[in-house]
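What follows is a short report on a single structure.
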Amino acid sequence: MPAEETLILVKPDGVARGLTGEILRRIEAKGYRVTDLRMLSASRELLAEHYAEHEGKPFFEPLLEFMSSGPIVAVRAEGNRVIEGFRALAGTTDPTTAAPGTIRGDLGRDWGVAVQQNLVHGSDSTLSAERELALWFA
Ligand SMILES: Nc1ncnc2c1ncn2[C@@H]1O[C@H](COP(=O)(O)OP(=O)(O)OP(=O)(O)O)[C@@H](O)[C@H]1O
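Per our numbering, the sequence shown starts with residue 123, numbered consecutively.
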């Protein structure tokens, strides 16, 4: 059976704070394989498509603005149950309450801004992973 794949993003706050290496280290230390990697400034079109499920929510525009505020590192990673495994490594959405030991719990916090700047994104299902990998590694 081919290994499962996921899309991981180091969001602009993670890149700006110089945490890309630490985040990649945690992914690799867990035993997942990084099979592709790119740094890019995402277009509004790409971000709107990526976050289509949030369109209409109050944080949608601030989210797009935040995700456009600097470069993003997109990572293709593989391994058994990597989708679930990376989301466990990332921790819950709100970095203030994310468990210590997770990326968001150890490295993130609330900066008092409109969008939760929580360092990383990870696909949440095999369908999302397929859709998102096609978007970011077109
Ligand atoms: N209530 C909110 N207020 C502010 N920002 C939010 C809120 N909910 C979500 N966000 C932002 O939108 C992103 C996408 O929300 P989602 O609910 O998909 O969270 P997630 O699955 O934990 O994160 P991601 O999809 O980035 O891995 C969050 O990571 C966060 O940056």
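The beta carbon of each residue, even a glycine, is placed where N, CA and C say it ideally should be. It should be emphasised that the depicted structure is a prediction, and the values quoted were computed from it without experimental measurement.
Reduced DSSP secondary structure (H/G/I, E/B, other) of R231: coil
Any chain B beta carbon closer than 9 Å to R253: The structure shown contains no chain B; it holds only a single protein chain.
Top-ranked residue by Cα proximity to S245, from R209, A170, V156 and R231: R209
Buried or exposed by the 16-neighbour rule on C-beta atoms within 10 Å, applied to T142: buried
Ligand 1 heavy atom lying under 8 Å from the CB of L95: Nothing about residue 95 can be read from this structure; the chain reaches only from 123 to 260.
Distance CB(L159)-CB(R198) smaller than 9 Å: yes
Segments of 3+ residues assigned as beta strand (DSSP E) that fall wholly inside the region 140-183: 155-162
R226 versus L249: straight-line alpha-carbon distance, rounded: 24 Å
Proximity test, R209 beta-carbon vs ligand 1 heavy atom, cut-off 8 Å: yes
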